[in-house]
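Accompanying notes for the structure given below.
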Amino acid sequence: MNVSTAPTWNATVLTLYPEMFPGPLGISLSGDALMRGTWALEARDIREHGLGRHRAVDDTPAGGGAGMVLRCDVLGAAIDAAAPPDDSRPRLLMSPRGKPLAQNRVRALSEGPGVVLVCGRFEGVDERVIAGRGLEEVSIGDYILSGGEIAALVLLDACIRLLPGVMGKVASGEEESFETGHLEYPHYTRPRDWEGRAIPDVLTGGNHGAIARWRRAEALRLTRARRPDLLRPGED
Ligand code: SAH
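If you count the sequence shown from 1, you need to add 97 to reach my numbering.
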């Protein structure tokens, strides 16, 4: 039941392992939001569209080489059954060749109607289904996973936490690393002294202007040191 006024954000995942979903997204904030109907999840088994008695989904690569490739006819049929042409949701193929996922894209996706995610396995998918079904390739980083499922869970988690009402305090979504263009400043909580390390005095002094300035300066210092690529012109 969707008890909020916002429409449900609909995620459809095409996978050979539907039992991997909702997985970790079924607990905590995303799990509560799933129960409330803030978002909905449909994990569809690509193998339902497999061929023959063994429901084959893959075949050997044209031109030779190691591994297997997901067939375009099988995947095409699975996509058509899950997302008809009038479905306005973006269709994303989890793929290490894709554009790296970043917070601006996550936010845009979370503000739309939902997503259709295709999870590759083996060596990947037949190239023709990418163009034939208008799939946009999205990567979660420069490393190779054994399948697209964990990448899909990453993308979904990042989107779901931004849906209205999912995070307790709306502000906490806007101050994180990347949303501000900088890495986040350091956090502290009790105890005030721990193993000879004290919380910086400014944070316990009650001067809110000074605290805000300290946090901005720390965010800039960390970004310069660790991720200079995030700095805007003039900040370096
Ligand atoms: N042979 C391919 C890798 C295939 S890995 C290559 O070298 O590019 C199998 C599947 O895992 C892929 O089809 C994709 O769906 C998923 N995958 C692997 N790494 C990923 C990443 N960094 N981001 C998103 N999906 C990934």
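Idealized CB from N, CA, C, for every residue including glycine.
Task: Those residues which DSSP pairs with E224 across a bridge - done: For the purposes of this step, residue 224 is identified with residue 127 of the sequence shown, where counting begins at 1. E224 is not bridged to any residue.
Task: Pair within 7 Å by beta-carbon distance, I237 and L198 - done: The residue you call residue 237 lines up with position 140 of the sequence shown. The residue you call residue 198 lines up with position 101 of the sequence shown. Yes, the Cβ-Cβ distance between I237 and L198 is below 7 Å.
Open item on the list: Let me see if you follow: with CB-CB separation under 7 Å, is M132 close to chain D or not?
Closed with: Chain labels in this structure do not include chain D; a single protein chain is all it has.
- [ ] Indicate whether V226 and L148 have their beta-carbon atoms separated by less than 7 Å.
- [x] The residue you call residue 226 lines up with position 129 of the sequence shown. The residue you call residue 148 lines up with position 51 of the sequence shown. In this structure, L148 does not lie closer than 7 Å to V226 by Cβ.
Open item on the list: Using C-beta distances below 7 Å, list every residue in its chain close to E246, excluding the 5 sequence neighbours before and after it, in chain order.
Closed with: Position 149 of the sequence shown, counting from 1, holds the residue named residue 246. Closer than 7 Å at the Cβ level, and outside the excluded window around E246, lie T112, Y114, M117, C216.
TODO: Give the single residue among W106, R310, T102 whose Cα lies nearest to the Cα of A205.
DONE: Numbered from its first residue, the sequence shown carries residue 205 at position 108. The candidate whose alpha carbon is nearest that of A205 is W106.
TODO: Take V299 as the anchor and find which of G231, Y285, P182, G244 has the nearest alpha-carbon.
DONE: As a position in the sequence shown, residue 299 is number 202, starting the count at 1. Shortest Cα-Cα distance from V299 to any of G231, Y285, P182, G244 involves Y285.
Task: Check: M165 C-beta below 6 Å from any heavy atom of the ligand SAH - done: Taking the sequence shown and counting its residues from 1, one reaches residue 165 at position 68. Because no heavy atom of the ligand SAH lies under 6 Å away, the Cβ of M165 does not count as near it: no.
Open item on the list: For a test of the three-state rule: what should DSSP assign to M165, helix, strand or coil?
Closed with: To locate residue 165, count along the sequence shown from 1; it is residue 68. In this structure, M165 counts as coil in the three-state DSSP scheme.
- [ ] Please find out if some non-hydrogen atom of the ligand MG comes closer than 6 Å to the beta-carbon of G278.
- [x] The model depicted lacks the ligand MG and carries the ligand SAH instead.
- [ ] May I ask you to verify whether the stretch 120–130 touches the stretch 155–169, counting CB pairs closer than 8 Å and requiring at least 3?
- [x] no
- [ ] Along the beta strand (DSSP E) that carries T112, what are the first and last residues, could you check?
- [x] Here residue 112 is taken as the residue at index 15 of the sequence shown, counted from 1. That run of the beta strand (DSSP E) goes 106–112.
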